[in-house]
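From first to last, the protein sequence lines stand for chains A and B. First residue of the first sequence? That's 1325 in the working numbering, and the numbers climb one at a time after it. First residue of the second sequence? That's 95 in the working numbering, and the numbers climb one at a time after it.
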Amino acid sequence: DVKVTQSSRYLVKRTGEKVFLECVQDMDHENMFWYRQDPGLGLRLIYFSYDVKMKEKGDIPEGYSVSREKKERFSLILESASTNQTSMYLCASRSPVANTQYFGPGTRLTVL
Amino acid sequence: GEDVEQSLFLSVREGDSSVINCTYTDSSSTYLYWYKQEPGAGLQLLTYIFSNMDMKQDQRLTVLLNKKDKHLSLRIADTQTGDSAIYFCAESSAGNNRKLIWGLGTSLAVNP
C-alpha cells in the first residue's frame, strides 16, 4: 500500500511566522502535490512537483513556496503566515498506474 | 476551463442504495475517479474507471460512465453508517499535464 505521511495533523501559528509543512511518500513516485481544502471551495492545487528540484505553480500559489530536495519529500512553505491561510492542507503523491493520487492524512493549520 | 460538478448533499437510509452523480466537461478525459473523505481525514481512493469503459464493479461499489453525456455515477449498495462521508469525483486528461480536476464533493448522510 502507498503510504503518504504529513508532519503534523494540527498546527497553530501566529501571523507573520514562517511555517513548514512536510510530506513524505514511500513509493518512489515522481509527482507530488500540495492542495488546500476549504468549505465550499473544494480542493485547490497550490503547487506540484514532477521530479526532484522541479516544481510548477498550481491554481493558488500566492503566499506559498515549495521545496523538493529528495524524491520522497515535498515541503510546503508559508513565508509569512496570514489568517487567510488557515485551512486544511493535503499532500498527495501520484502513481503512474492510472494517474491515481494518494493522499496523506492532512494538516489542519490555524493562523492566529 | 474544465469543470467537474456534483450535487452537494445526499441523504439515504441504512440498507438502501446510494447513487452519487457527477458531470464533467473535458471531452479528452482519460481516467475518472471517486475518492472518499471521512471527517478530519485525507482523501481515500475508492475506485477509478478508464474512459473507454462504461462500467466497473468492486464489491458494493458500481461505477457507471456515460461518455457521450459526460456523466459519471457511483452506486453504493447496502449503504451503511460507515459510508457517511464526502465523496469526490475527479477526472484527468493528458491535456492538462495529468493534473486532476475535482468536483466540490457530495456529502452523504446515512440515517439509521
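Using N, Cα and C, we set each Cβ at its ideal position, and we do this for glycine too.
Per the C-alpha coordinates, the member of Gln1361(A), Leu1433(A), Asp1375(A) positioned closest to leucine 137(B) is Gln1361(A). For a Cβ distance threshold of 9 angstroms, nothing in chain B lies close to leucine 1335(A): the least Cβ distance comes to about 14 angstroms. Put simply, of Gln100(B), Ala203(B), Asp152(B) the residue whose alpha carbon is nearest the alpha carbon of glycine 1366(A) is Gln100(B).
Beta-bridge pairing by DSSP links leucine 102(B) to no other residue. Judged by DSSP secondary structure, serine 1332(A) falls outside any beta strand (DSSP E); it is assigned neither H nor E. Taken in chain order, the members of the segment 1419-1432 of chain A whose beta-carbon sits within less than 8 angstroms of a beta-carbon on chain B are Ala1422, Asn1423, Thr1424, Gln1425, Tyr1426, Phe1427, Gly1428, Pro1429, Gly1430, Arg1432. Within the segment 1364-1399 of chain A, the beta strand (DSSP E) runs of at least 3 residues that lie entirely inside it are, in chain order, 1366-1375, 1378-1381, 1388-1394. If you compare the alpha carbons of Ser121(B), Gly95(B), Gly109(B) with that of glycine 176(B), the shortest gap goes to Gly109(B).
According to DSSP, residue pairing for asparagine 205(B) in a beta bridge involves Arg107(B). Distance from the Cα of leucine 1402(A) is smallest, within the candidate group Tyr1388(A), Lys1395(A), Tyr1413(A), Ser1411(A), for Tyr1388(A). Interface flag for lysine 193(B) against chain A is set, since a Cβ pair is found closer than 8 angstroms.
Selection Leu1436(A), Lys1342(A), Arg1432(A), Pro1420(A) evaluated against methionine 1356(A) yields Pro1420(A) as nearest (Cα-Cα). For methionine 149(B), the uninterrupted beta strand (DSSP E) run begins and ends at 149-152, by DSSP.
Counting only residues of its own chain and dropping the five nearest sequence neighbours on each side, phenylalanine 144(B) has a CB closer than 8 angstroms to the CB of Thr124, Tyr125.
Counting along the chain, methionine 1351(A) sits inside no beta strand (DSSP E), nor does DSSP assign it H or E at all. Chain A places no beta carbon closer than 8 angstroms to that of glycine 109(B), leaving this residue out of the contacts. Nearest to phenylalanine 1398(A) by C-alpha distance, out of Met1351(A), Val1376(A), Tyr1426(A), Arg1333(A), is Val1376(A). Listed by position along chain A, the residues whose Cβ is nearer than 8 angstroms to that of glycine 199(B) are Gly1366. Each residue's CA atom was taken as its position, placing glutamine 1409(A) and alanine 1416(A) some 19 angstroms apart.
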